[in-house]
Amino acid sequence: MIRKKLAAMSLVLLFAMPLAASAEPAAQPAAQPQSNSISWPQNQELPSFAKVKKLEVADVYDAPGDIKLMLSTLQGIVNRKEPRVYLLESQEEGKLTWLNDLKIPYALHDDYWDLVSTFKKEVKGIIVYDPNLPDSINVATTLAGLKDAVVASPELAQKLTAAPYSLPVLDDLQGRFKDRLDAYSWEYDNLWSQTTHRMLIGLSPDTSIRLPSDNFASFQTIAQETTQERDAKNRKVYDLDLSQFLGKDSVFLRFQDAFTQDGWGPAVHEVTVKADGREIAHFLPGTPDEQPFLFDSGNSQISTGSGGHRFADNGRYFVYKFTPPAGTKQLTVSVDMWNQFLVSASNVQPLSSDAKEPYGYLRDYAVANKAMVFWLGTSDPGEQALFEKILSDVEPGTPYLGWFSDDVSGEFSGVELTSRHGVYVLASDWFSNMTVFSGTKAKQADPKPVKAPQLENKIYVTYTFGEGDNLQYNEHHMRNLWEDPNRGKVPINWTSSPLLYDAAPAILNHYLDTATANDQLVAGPSGAGYFYPNVWPENSFANFLKSTYSYLKKTGMTIPFVLNRISSQDVPLSDSAAAAYRDQYRVPGVLLAYNNSNEVEIQDGLPVTTMRGISTVADGQKLLSDIKSKWDGKSPQFVSISVSAWNMTPTDVLALNDSLDSDYQAVLADPFFALIREANGLPKH
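So the sequence shown is residues 2 to 686, counted in this note's numbering.
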């Protein structure tokens, strides 16, 4: 969605060791800085923190949510003065991967309460949130930043106010607000004027509990689509017999994607349940009738298409719970469904992902910068009105860090709303330790020019991994993709955020330092931040690109991957937006996500290539075969492919590329656009 050298090599050897060697009691910091050391010049998009010298580290991966929340707000208070606290919150890329890469001495605490003991004198008190209104967590986070406090549940508050911590309660939000809009309206009226207006932060107040790996171990498959179906041609009513699962109070029915790699999971329109022939449930997903039976929504989604349906693509799922009358001998479910379904059942109740707990990601950054934290969407008129009021109060070019509610539809409507107000998005709600990474120093990128091959009558292909606007992707999933042993064997573009230069220089440095000649970093949508160019106010768009051009230049991400939507639909770049990219970003071309076509358009001297998305090797083979079947072979053809970062790896791209014949040639983005320019008689860039 970052490195410093140590003065004393002996400290490196002592502290920057593997986990077992570093797990020792931490000494109290010798001296506590007394002032805010954050630097934020006017020409800088995000603030810089003081130099990281030594870190006190605690593993909170398995800690309760209220502990994570409390410690992340403590981290924000402490690291505002100087980055000294690092929390092990994720293990996706390895708990210690980035920490050890920092090459900073650290002490790992066995007990995370040691951090409270070590730094309690820097905390002025506690803000207690209301567990009955999760959004009070966000209001409490804002108050914590303004009052140098930590956020605590009522249970934790009892421990924190007692010895040996003896922290006073500065604010208790229990019973303060009637609903979420009331909470955020109060926050806007009473706190907004005291917070920074140079950034906005949108965070969900809670998240699903982490389910154990064996949560669904008792479920047995009862129906499965064995072919990859994407066009609903297998739609019918499937009759499922659940009688074998009778004998306990309830039966649980789980729907998931049979082919998780390509994102066309089960779509369910109607469900009818009968016990011994008598109907005990009948509903359409997304209606109030469904709610009594929806045990776990599993991040599934509702669509109004095809008469309305619930669907679960990739790793998403949903579980229904049916409780038949005592003594039932036969239990059947009739399901109107289609696409790639995998249906399983059990009579053992699993944990539900709909159970929520607070989480701490990015709250350290919000607290340290005294930013206002909220979670407002566009589906409720009152929430949207307040959201727009906040957006109207900030200058064009202000960053919105975090994310949006309502998943995919929330992304589209949220980014469109922020873009209309000249605000760009940095997806970062799962970014960890930004107050530490912002205390490292970026290197100036010095990418070596990649010479374009001689232009021939070939099909030139450029592969691009998406998701680069997403700072937590840069921190977590991209690191895993980057470690693929086949990276570097085929040219690949990697979308990334130029704002890593401010937010996490060490992460940027790692990718720049370890890139091969077949890796190119490009600016992930839609430049220095995620926004939709066509809806950005035209009177400030060119100035915004001009002011952020330096980030593309100093990170080497000189080609932008652009997303451009209106009313959730991909649209071509307007002529004025294309001109702004050409003149202000000075780019040789633009990669445009517009999946309905495969075209190269020259917009007043700027090559714009629309991208085709793939999520499997087979997708890519079919796409490229179709393109070749329409190619006359008498002139060069250019194909830009967006590779799903969540479904494919560099090994998959290599397999795809190796399956192609000599009529195809894979190239990086720079030579790709150089060849396009040459083929169209445009001057070299």
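Note that the Cβ used here is the ideal one computed from N, Cα and C, for glycine as well. What you are looking at is a predicted structure, and each value in this text was computed from that prediction instead of being measured.
* Identify, in the order they occur along the chain, each residue of the same chain with its Cβ nearer than 6 Å to the Cβ of Asn216, setting aside the five sequence neighbours on each side. => Pro351 and Leu352
* **Cβ neighbour criterion (16 or more within 10 Å) applied to Glu600** => exposed
* **Same chain only: Cβ atoms within 6 Å of Ser205, ignoring 5 sequence neighbours per side** => If the five residues before and after Ser205 are omitted, its C-beta is found closer than 6 Å to the C-beta atoms of Trp376, all from its own chain and listed in chain order.
* Can you tell which of Leu593, Phe438, Thr517 and Thr74 has its C-alpha closest to the C-alpha of Tyr502? -> Scanning Leu593, Phe438, Thr517 and Thr74 for the CA closest to the CA of Tyr502 turns up Phe438.
* the stretch 107–126 in contact with the stretch 49–65 per 3-pair CB rule at 8 Å -> yes
* Asked: First and last residue of the alpha helix (DSSP H) that includes Asp297?
  -> It is not in any alpha helix (DSSP H) - Asp297 instead sits in the beta strand (DSSP E) that spans Leu295 to Asp297.
* Asked: Should Asn481 be labelled buried (16 or more other beta-carbon atoms within 10 Å of its own) or exposed?
  -> exposed
* Using the DSSP secondary-structure output, state which residues sit across from Trp339 in a beta bridge. => Ala268
* Asked: Closest by CA to His1, which one among Gly306, Glu396, Ile127 and Glu539?
  -> Nothing can be reported for residue 1, as the shown portion of the chain is limited to 2 through 686.
* Test item: CB-CB of Gly383 and Gly411 under 8 Å -> no
* **Between the CA atoms of Ile303 and Thr142 - distance to the nearest angstrom** => Cα to Cα, Thr142 sits roughly 31 Å from Ile303.
* Nearest to Ala369 by alpha carbon, out of Tyr665, Phe260 and Arg81? -> Residue Arg81 is the option with its Cα nearest to Ala369.
* Output the distance between the C-alpha atoms of Tyr552 and Lys148, rounded to the nearest integer angstrom. => 33 Å
* Asked: Helix or strand or just coil, what does DSSP make of Met18?
  -> Below a pLDDT of 50, predicted positions are generally treated as unreliable, and Met18, at 32, falls in that range; no measurement from the model is reported.
* Helix, strand or coil: which one does DSSP assign to Glu484? -> coil
* For Ile460, decide whether its Cβ has a neighbour in chain D, counting only Cβ atoms nearer than 8 Å. => The chain labelled as chain D is not found in the depicted structure, where only one protein chain is given.
* Stretch-stretch touch, CB-based, cutoff 8 Å, three pairs: the stretch 124–142 with the stretch 174–182 -> yes
* Asked: Rounded C-beta distance between Phe323 and Val426? I'm assuming under 8 Å.
  -> With a Cβ gap of about 41 Å, Phe323 and Val426 do not count as contacting.
* Ends of the alpha helix (DSSP H) at Ser626? -> Val618 to Ser630
* Can Ser354 and Asp297 be called in contact, C-beta distance under 8 Å? -> yes
* Beta bridge counterpart(s) of Glu57 as assigned by DSSP -> Val86 and Ala108
* Enumerate in chain order the residues of its own chain whose CB-to-CB distance from Gly451 is below 6 Å, with the five nearest sequence positions on each side excluded. => Here the sequence assigns Val to residue 451, which means Gly is not the residue at that position. Excluding the 5 residues flanking it on each side, Val451 has same chain C-beta neighbours closer than 6 Å at Leu669, Asp671 and Pro672, in chain order.
* Residues of its chain near Tyr130, where Cβ-Cβ distance is below 7 Å and the 5 sequence neighbours each way are ignored -> Ser137, Ile138, Ala141, Val152, Ser154 and Leu174
* Asked: Going by other Cβ atoms of all chains shown within 10 Å of its Cβ, with 16 needed for buried, is Gln159 buried or exposed?
  -> exposed
* Pro267 versus Ile210: straight-line alpha-carbon distance, rounded -> Distance between the alpha carbons of Pro267 and Ile210 is about 24 Å.
* Beta-carbon proximity list for Pro573, same chain, < 7 Å, skipping 5 on both sides -> Tyr595.
* Asked: Who pairs with Gln92 in a beta bridge, going by DSSP?
  -> Gln92 is not bridged to any residue.
* Counting Cβ pairs, one atom from each stretch, are 3 or more of them under 8 Å apart for the stretch 459–472 and the stretch 630–649? -> yes
* To do: Let me know the secondary structure DSSP gives Met479 once reduced to three states.
  => helix
* Would you report the Cα separation of Phe413 and Gln245, rounded to the nearest angstrom? -> So the alpha carbons of these two residues sit roughly 44 Å apart.
* Out of Lys69, Asp653 and Arg678, which has the shortest C-alpha to C-alpha gap to Leu607? -> Arg678
* Determine the DSSP secondary structure at Val124, reduced to helix, strand or coil. => coil
* Could you check which residue in Asp633, Leu295 and Trp495 has the C-alpha nearest to that of Gly557? => Taking the Cα of Gly557 as reference, the smallest distance to any Cα among Asp633, Leu295 and Trp495 is reached at Trp495.
* Asked: Among the residues of its own chain, which have a CB less than 6 Å from the CB of Gln666, if the five just before and after it don't count?
  -> Lys459 and Tyr461
* **From His478, Leu676 and Ile391, residue whose alpha carbon lies closest to that of Trp431** => His478
* Asked: Is the distance from the Cβ of Ala372 to the Cβ of Gly146 below 8 Å?
  -> yes
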